[in-house]
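In the working numbering, the protein residues as written are 209 to 424.
Working notes, structure below.
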Ligand code: GRF
């Protein structure tokens, strides 16, 4: 079976991108990373792609006159690489409605909280401040509303009484890296369907369920 050509958009360290890349090494995995794009030239994700021999492009937003021009350059790169599916992994740029519409159902993101709680940045600090007992991560389809698209998969992490923000962030990140490849596989294999505001599992989860919790 032919593998889906995905692009991963990063702005930073790229550990989720690296996790996706590790997953693609399995011959049974349904996708290949055909392109890594970063808007930040110094992003660790770009260095990793380079080291691993993955095609990559730095498209520095600072070298463009407008947000639209930058995004058009990203779109052009995706087109040239014949990308079928886009994963955001710590991509710190707001995408236009046009881009999001164009990739509807083929654009997913990973977010470091149990959405809909803690939309936006600094999720771990806010979770600790709020005193939640359970935190985690979410993979979701991207819509025009920030971190609000249909939820594909989540992993929960218990907040410990003596936690620090760093320790909590590290435990959540480990779950992100386990979850993102599974969630991507679910979408590519059409095991989830976007239905209204929700992503409905229609064909069984892969390996383990999509919350990481026991169901009974
Ligand atoms: C992750 O926590 C991800 O959920 C968020 O940005 C962070 C990126 O980390 N969107 P990395 O670059 O994948 O290591």
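Positions of the beta carbon are idealized from the N, C-alpha and C atoms, including for glycine.
As the structure is a computational prediction, the values presented were derived from the model and not from experiment.
Note down the Cα distance separating residue i from residue j, rounded to an integer number of angstroms.
i, j, result
"residue 274", "residue 268", "12 Å"
"residue 305", "residue 352", "6 Å"
"residue 218", "residue 235", "24 Å"
"residue 216", "residue 337", "32 Å"
"residue 374", "residue 406", "31 Å"
"residue 370", "residue 330", "19 Å"
"residue 243", "residue 316", "15 Å"
"residue 360", "residue 418", "8 Å"
"residue 210", "residue 291", "13 Å"
"residue 232", "residue 222", "15 Å"
"residue 301", "residue 263", "21 Å"
Can you check whether the CB of residue j is closer than 7 Å to the CB of residue i?
i, j, result
"residue 463", "residue 246", "Any answer about residue 463 is impossible in this case: the structure gives the chain only from 209 up to 424."
"residue 320", "residue 380", "yes"
"residue 385", "residue 365", "no"
"residue 388", "residue 347", "yes"
"residue 239", "residue 283", "no"
"residue 225", "residue 297", "yes"
"residue 358", "residue 402", "yes"
Please tell me whether, using a cut-off of 6 Å, the distance from the CB of residue i to the nearest non-hydrogen atom of the ligand GRF is below it.
i, result
"residue 360", "no"
"residue 320", "yes"
"residue 297", "yes"
"residue 276", "no"
"residue 384", "yes"
"residue 328", "no"
"residue 261", "no"
"residue 220", "yes"
At what residues does the beta strand (DSSP E) containing residue i begin and finish?
i, result
"residue 346", "342–349"
"residue 396", "Looking at the DSSP string, residue 396 is not in any beta strand (DSSP E); the run it does join, the alpha helix (DSSP H), is 373–396."
"residue 293", "293–296"
"residue 315", "315–319"
Is there at least one Cβ from chain C nearer than 7 Å to residue i's Cβ?
i, result
"residue 411", "The structure shown contains no chain C, having only a single protein chain."
Can you tell me where the alpha helix (DSSP H) with residue i in it begins and where it stops?
i, result
"residue 277", "275–288"
"residue 271", "Per DSSP, residue 271 belongs to no alpha helix (DSSP H) and is neither H nor E."
"residue 334", "331–338"
"residue 307", "305–310"
Within the present structure, is the beta-carbon of residue i separated from the nearest heavy atom of the ligand MG by less than 6 Å?
i, result
"residue 223", "Among the ligands in the structure shown, the ligand MG does not appear; only the ligand GRF can be found there."
In chain order, each alpha helix (DSSP H) run of at least 4 residues that lies wholly inside the stretch 211–251: Qualifying alpha helix (DSSP H) stretches, in chain order: 223–232.
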